[in-house]
Amino acid sequence: MAATAADRSATADRDLTQEELVADIEQTRVQLGDTVDALAQKFDVKAQARARADATKQRLRQQMTSVQSIGRRAGDKAKDVATDDDGRVAPSFSLAALSAVVLLIAVVVIRRRR
Numbered sequence: 017m018a019a020t021a022a023d024r025s026a027t028a029d030r031d032l033t034q035e036e037l038v039a040d041i042e043q044t045r046v047q048l049g050d051t052v053d054a055l056a057q058k059f060d061v062k063a064q065a066r067a068r069a070d071a072t073k074q075r076l077r078q079q080m081t082s083v084q085s086i087g088r089r090a091g092d093k094a095k096d097v098a099t100d101d102d103g104r105v106a107p108s109f110s111l112a113a114l115s116a117v118v119l120l121i122a123v124v125v126i127r128r129r130r
C-alpha cells in the first residue's frame with residue numbers, strides 16, 4: 017500500500033527534534049500573521065479609498081504645476097511678442113488686436129441680424 021502525504025508528513029515530523037519543531041511552529045505563526053495582515057489590508061475598503069484619493073491628489077498637483085509652468089511660458093512669450101524692446105506695446109500688435117476686436121464685433125452683429 018502506498019503511503020499518503022499525511023503519513024509521510026507524520027513520519028517526517030517524528031524525525032524532527034523539539035527545537036526544529038518549535039522553529040517550524042514559529043515560522044508558521046509568522047507566515048499566518050503575514051497572511052492575516054494581507055487579508056486585512058485587502059478588505060479595508062476605507063484605506064484603499066484613501067490611498068486612491070491620495071494618489072489622485074498627487075497626480076493632479078503634478079498636472080497643475082505642469083499647466084502653470086506652460087501658462088507662464090506662454091504668457092512670457094506673448095508678452096515678448098506684444099511689446100517692443102522698451103516694454104511698450106508694439107504697434108503691429110495693437111493693430112492686430114484692434115483688427116481681431118473689429119472682426120469679433122462684426123461676426124456678432126451679423127449673427128444677430130439673421
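Letter 85 of the sequence shown, counting from 1, is numbered 101 in our numbering, and no numbers are missing.
A virtual CB, placed ideally from N, CA and C, is assigned to each residue, including glycine.
Given the structure is predicted, the values throughout are model-derived calculations rather than measurements.
_Contacting residues, own chain, Cβ-Cβ under 8 Å from A63 (five flanking each side not counted)_ = Numbered from its first residue, the sequence shown carries residue 63 at position 47. A distance below 8 Å between beta-carbons, with the five flanking residues on each side excluded, links A63 to the following residues of its chain, in chain order: Q57.
*In three-state DSSP terms, what is T33?*
Working through the sequence shown from its first residue, we reach residue 33 at position 17. For T33, the secondary structure class from DSSP, reduced to helix, strand or coil, is coil.
*Would you report the Cα separation of D60 and D96, rounded to the nearest angstrom?*
Translated into the one-based positions of the sequence shown, residue 60 becomes position 44. Translated into the one-based positions of the sequence shown, residue 96 becomes position 80. About 54 Å.
*Flag this pair as yes or no: are the beta carbons of A94 and A106 separated by less than 9 Å?*
Translated into the one-based positions of the sequence shown, residue 94 becomes position 78. Translated into the one-based positions of the sequence shown, residue 106 becomes position 90. A106 is positioned such that its CB atom lies no closer than 9 Å to that of A94.
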